[in-house]
Amino acid sequence: MKLIGRSGSSASYRVRIALALKGAGDRVAIEHITEGAQYDDAFRALNPQMRLPCLVTEDGVIVQSMAILEYLDEVFPDPPLLPGSALDRARSRAIAQIVVADIHPLQNTGALRVLGTDFGLGAEAQQDWARHWIRRGLAACEELLTTHPTGPFATGDTPGMADICLIPQMRNAARFGVDISDLTRLAAIAAAAAEHPAFIAAHPDNNPNPDD
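The sequence shown begins at 117 in the working numbering and counts up by one.
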């Protein structure tokens, strides 16, 4: 298998974390492509949506990071990305969906580009738009996680799907200059992740692109 992505791509980052947590690095190769290569015909043949990442398997290509995460959780079941009880699994999925469905699509490069080219928003207005949705979504995650406290990670003593989605998004918050210092539950999760080998191994700083 081969994961094709970019170092700083949040969606690629999510999958790298999952691979590291599962110790699957020796069974899944990671290929970082040059900037804009996802728009080339070769990549478009793999993913008509021209989005990163995609996972190339012997049986076909899987697109969309959440679909890839679920596939990896089935192919490499230990350790699981979701907690034990049905309720905790639902809570983990809810946090993940807030990030991947409600925050990230509104702040990604493609969406901001359209706000500029099609709707006339200037660069600063685009940044304000992104900051608004990042702050709003992460604040909701903070409240949900505080209502149901667990261990150092989002749904327990070990990291899982919610953490996999939260950590790249908190990096985006920093990149956009969003102040989330008051979100103490998220800060605690980030601190735990910063010391975890899988999150360290998957960090963009440790996964340079060929054109960096």
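Cβ coordinates follow ideal geometry from the N, Cα and C atoms, glycine included.
Environment of residue i [buried if 16+ CB atoms lie within 10 Å]
i, result
"residue 279", "buried"
"residue 208", "buried"
"residue 322", "exposed"
"residue 326", "exposed"
"residue 265", "exposed"
"residue 124", "buried"
"residue 199", "buried"
"residue 122", "buried"
"residue 158", "exposed"
"residue 239", "exposed"
"residue 275", "buried"
"residue 271", "buried"
"residue 195", "exposed"
"residue 320", "buried"
"residue 297", "exposed"
Anticipated Cβ contact below 8 angstroms, residue i with residue j, distance rounded
i, j, result
"residue 281", "residue 216", "6 angstroms"
"residue 182", "residue 144", "Not quite, the Cβ-Cβ distance comes to about 17 angstroms (not below 8 angstroms), so this is no contact."
"residue 211", "residue 260", "7 angstroms"
"residue 285", "residue 184", "No, residue 285 and residue 184 are not in contact; Cβ-Cβ is about 17 angstroms, not under 8 angstroms."
"residue 283", "residue 309", "5 angstroms"
"residue 119", "residue 146", "5 angstroms"
"residue 318", "residue 136", "5 angstroms"
For residue i, the residue or residues it bridges with in DSSP
i, result
"residue 118", "145 and 172"
"residue 178", "171"
"residue 269", "272"
Range of the contiguous alpha helix (DSSP H) that encloses residue i
i, result
"residue 277", "277-291"
"residue 315", "313-318"
"residue 154", "From DSSP, residue 154 is part of no alpha helix (DSSP H); its letter is neither H nor E."
"residue 221", "220-223"
"residue 204", "202-213"
"residue 296", "Here residue 296 belongs to no alpha helix (DSSP H), and DSSP marks it neither H nor E."
"residue 123", "Looking at the DSSP string, residue 123 is not in any alpha helix (DSSP H), and its letter there is neither H nor E."
"residue 253", "239-263"
heavy atom of the ligand PLP below 7 angstroms from residue i C-beta
i, result
"residue 298", "Among the components modelled here there is no ligand, and therefore nothing to report on the ligand PLP."
Proximity test, Cβ basis, 8 angstroms: residue i and chain B
i, result
"residue 323", "Among the protein chains of the structure shown there is no chain B, as only one such chain exists."
Below 8 angstroms, can you find three or more Cβ-Cβ pairs linking the region 227-241 to the region 175-183? no
The region 153-163 in contact with the region 200-212 per 3-pair CB rule at 8 angstroms: With the cut-off at 8 angstroms, the region 153-163 and the region 200-212 do not touch.
At least three beta-carbon pairs within less than 8 angstroms, the region 286-295 to the region 243-258: yes
Within 8 angstroms, do at least three Cβ pairs link the region 126-133 to the region 307-319? yes
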